[in-house]
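Numbering (this note's numbering), first residue to last: 1428 to 1516.
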């Protein structure tokens, strides 16, 4: 397929089926994946399914500007930058 080695992908809505599938595909192609959503327990399950050290969970509610700013700050703190944004929330 293609290689995303060295890239970081932030997937919002990653606790739902579509977000999970996208995150798994990005990870399978080499990306470092940040899973975001409001359901922390589900996000942790998805992270465990994906496995490895290239997956992180950042809970966030994107319903207001404060939540969006928090997500951006927390995601950047994980890897330094985000190369790919999947806005699935």
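Quick reminder that beta carbons are idealized off the backbone N, C-alpha and C, glycines included.
Relative to the C-alpha of residue i, which candidate in the options has its C-alpha closest?
i            : options                   : result
residue 1465 : 1435, 1509, 1433 and 1491 : 1491
residue 1488 : 1499, 1434, 1429 and 1458 : 1499
residue 1495 : 1451, 1463, 1436 and 1441 : 1463
residue 1441 : 1507, 1510, 1434 and 1484 : 1484
What is the C-beta distance between residue i and residue j, in whole angstroms, given that I count them as a contact (C-beta under 8 Å)?
i            : j            : result
residue 1439 : residue 1467 : Rounded, the Cβ-Cβ distance is 14 Å, inconsistent with contact.
residue 1505 : residue 1461 : 6 Å
Excluding five sequence neighbours on each side, which residues of the same chain lie with their C-beta closer than 7 Å to the C-beta of residue i?
i            : result
residue 1445 : 1515
Just to confirm my understanding: we take residue i, look at its own chain, exclude 5 residues before and 5 after, and list those with CB closer than 8 Å. What are they?
i            : result
residue 1443 : 1464 and 1515
Classify residue i as buried or exposed, calling it buried when 16 or more other Cβ atoms lie within 10 Å of its own Cβ.
i            : result
residue 1447 : buried
residue 1458 : buried
In its own chain, which residues sit with a C-beta less than 6 Å from the C-beta of residue i, not counting the 5 before and 5 after it?
i            : result
residue 1501 : 1485
List, from N- to C-terminal side, the beta strand (DSSP E) runs of 3 residues or more that fit wholly inside the region 1471 to 1512.
1482 to 1486
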